[in-house]
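Novice: Below is a structure I'd like to ask you about.
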Amino acid sequence: MIIDKLSAQKMMPLRENDSHKGTYGTVLIIGGSLNMPGALCLAALGALRSGPGLVKAAFPDVIYNAVTAHLTETVFLPLPANENGMLSSRCLSALERETGNASAVVIGCGMGISADTVQITQYVIETVACPVIIDADALNCVSKKPDMLSNTAAKLILTPHPGEMARLIRRDTAFINKNRENVAKEFAQRYGVTLLLKGYKTVIANKNGDVRTNITGNSGLAKGGSGDLLSGIMGALAANINEFDAAALAAYLHGLAADYAAKEHTEFCVTPTVCADYLSKAFKSLII
137 MIIDKLSAQK
147 MMPLRENDSH
157 KGTYGTVLII
167 GGSLNMPGAL
177 CLAALGALRS
187 GPGLVKAAFP
197 DVIYNAVTAH
207 LTETVFLPLP
217 ANENGMLSSR
227 CLSALERETG
237 NASAVVIGCG
247 MGISADTVQI
257 TQYVIETVAC
267 PVIIDADALN
277 CVSKKPDMLS
287 NTAAKLILTP
297 HPGEMARLIR
307 RDTAFINKNR
317 ENVAKEFAQR
327 YGVTLLLKGY
337 KTVIANKNGD
347 VRTNITGNSG
357 LAKGGSGDLL
367 SGIMGALAAN
377 INEFDAAALA
387 AYLHGLAADY
397 AAKEHTEFCV
407 TPTVCADYLS
417 KAFKSLII
């Protein structure tokens, strides 16, 4: 099914006049590292622009200054770092407290790959009960131990690009690109997850064999950080609607925001932060 305006409108979360920040959930973003603090910030920005009541950012304490310089509306959770500036497994007790209070979790944006982050990713997958969006380096951590997907209490949404998908199933990227719908559908059914396979005509599949295709977006999204923004949007939506709708609607809105941005800035000059500025226009287009 192609995601069009009418189907996207039907997926939109409800907003009530008689409500408060607790009504719309808490999104916990886990990620960032010494080399990639911006990825965490973009995910948090995507979440903040997509309707949750609260966004929390959990990151290595060594990037505290970089993160706090770019985010003002986020709860900061600086955690122990390892010697490479990535999250240390010493943060697990703190994450246990925070994940227990989350309505949705996003993990992986700029997180880096190490024994520590593999352990953290596995912990989140195996213990968290709310929807979990697995992106970027968390996907690469999963590819090292794919069986961790078989032991989960969470409603998982995986968001690979073709290269990450290739690593997950031990095939080459050419195979992924030739078989996008079948690859996404088979993986989602095998592991009981929602899978969003990025790229031209993004494919979203769920554990029941349902498949949706998104056709919004343009080459302006072919830039580092676009996926981080998407994951944040998805986390905010997953805090309020089911995971299949959250993945599909996030892809539609993200692409639509990029389309609006490109009309003014061109596809050459669209960046993730520019795209974020057009999310309000994308959301507004769906409000009846």
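Sequential numbering from 137 applies to the sequence shown in our numbering.
Glycine included, C-beta positions come from ideal geometry on N, C-alpha and C.
Quick caveat: nothing in here was measured; it's all calculated off a predicted structure.
As a quick exercise: from Glu403, Leu392, Ile423, pick the residue whose alpha carbon is nearest that of Tyr414.
Specialist: Per the Cα distances, Leu392.
Novice: What's the gap between the Cα of Leu190 and the Cα of Asp283?
Specialist: If I take the Cα positions, the gap works out to 32 Å.
Novice: In chain order, what residues of the same chain lie with their CB nearer than 6 Å to the CB of Ala375, ignoring the 5 residues before and after it?
Specialist: Answer for Ala375: Gly161, Val163, Pro188, Ser239, Ala240, listed in chain order.
Novice: Just the C-alpha distance for Lys281 and Ile424, rounded to the nearest angstrom, thanks.
Specialist: Looking at the two C-alpha atoms, the distance is approximately 44 Å.
Novice: Short check: CB of Leu178 to CB of Gly368, under 8 Å?
Specialist: Against a cut-off of 8 Å, the Cβ pair of Gly368 and Leu178 comes out as a contact.
Novice: Within a Cβ cutoff of 7 Å, which residues of the same chain sit near Ala324, ignoring the five residues on either side of it in sequence?
Specialist: Same-chain partners within the cutoff: Thr330, Leu331, Ala341, Asn342, Lys343.
Novice: My assumption, with CB atoms under 8 Å, is that Leu385 sits in contact with Met148. Please give the rounded CB distance.
Specialist: The pair is a contact, with the Cβ atoms about 7 Å apart (cut-off 8 Å).
Novice: Can you tell me which of Glu400, Ser421, Ala394 puts its alpha carbon nearest to the alpha carbon of Ala412?
Specialist: Minimum Cα distance to Ala412 is reached at Ala394.
Novice: Are three or more beta carbon pairs between the segment 354-367 and the segment 268-279 nearer than 8 Å?
Specialist: With a cut-off of 8 Å, the segment 268-279 and the segment 354-367 count as touching, because enough Cβ pairs lie within range.
Novice: Can you tell me the Cα-Cα spacing of Ala398 and Ser229, whole angstroms?
Specialist: Roughly 44 Å between the two C-alpha positions.
Novice: Please determine if the segment 217-225 and the segment 192-199 are in contact, where contact requires at least 3 C-beta pairs separated by less than 8 Å.
Specialist: Yes, the segment 217-225 touches the segment 192-199.
Novice: Taking the alpha carbon of Ala302 as the point to measure from, which residue in Ala265, Arg316, Ala217 has its own alpha carbon closest?
Specialist: Among Ala265, Arg316, Ala217, the Cα nearest to that of Ala302 is on Arg316.
Novice: Suppose contacts are defined by Cβ-Cβ distances below 8 Å. Is Val278 in contact with Thr253 by that definition?
Specialist: Their beta carbons are not under 8 Å apart, which means Val278 does not touch Thr253 by this criterion.
Novice: Using the beta-carbon count (16 or more within 10 Å), is Asp352 buried or exposed?
Specialist: Correcting the residue identity first, residue 352 is Thr in this sequence and not Asp. With 16 or more other Cβ atoms within 10 Å, it is buried.
Novice: Could you check whether the Cβ of Thr349 sits closer than 8 Å to any Cβ belonging to chain C?
Specialist: Note that chain C does not occur in the displayed structure, where there is just one protein chain.
Novice: Report the rounded CA-to-CA distance for Asn218 versus Thr295, giving the unit in angstroms.
Specialist: The straight-line gap from Cα to Cα measures roughly 26 Å.
Novice: Using alpha carbons as the reference points, say which of Arg185, Cys245, Val260, Ser416 lies closest to Glu234.
Specialist: Considering only alpha carbons, the answer is Val260.
Novice: Assign Arg348 to buried or exposed, taking buried as 16 or more other Cβ atoms, counted over all protein chains shown, within 10 Å of its Cβ.
Specialist: Looking at its Cβ environment, which holds 16 or more other Cβ atoms inside 10 Å, Arg348 is buried.
Novice: Rounded to the nearest angstrom, how far is the Cβ of Ile165 from that of Gly371, given a contact under 8 Å?
Specialist: Confirmed, Cβ separation roughly 7 Å.
Novice: On the DSSP bridge list, what partners appear for Thr235?
Specialist: Partner(s): none; Thr235 has no beta bridge.
Novice: What do you get for Gly168, buried or exposed, if any count of 16 or more other CB atoms within 10 angstroms of its CB means buried?
Specialist: Buried: at least 16 other Cβ atoms inside 10 Å.
Novice: Are the CB atoms of Val203 and Pro173 nearer to each other than 8 Å?
Specialist: Yes.
Novice: Quick check: what's the CA-CA separation for Leu357 versus Thr288?
Specialist: Their Cα atoms are separated by approximately 31 Å.
Novice: Which same chain residues, not among the five before or five after Gly248, have their C-beta less than 6 Å away from its C-beta?
Specialist: So the qualifying residues of the chain are Ser169, Met222, Asp273.
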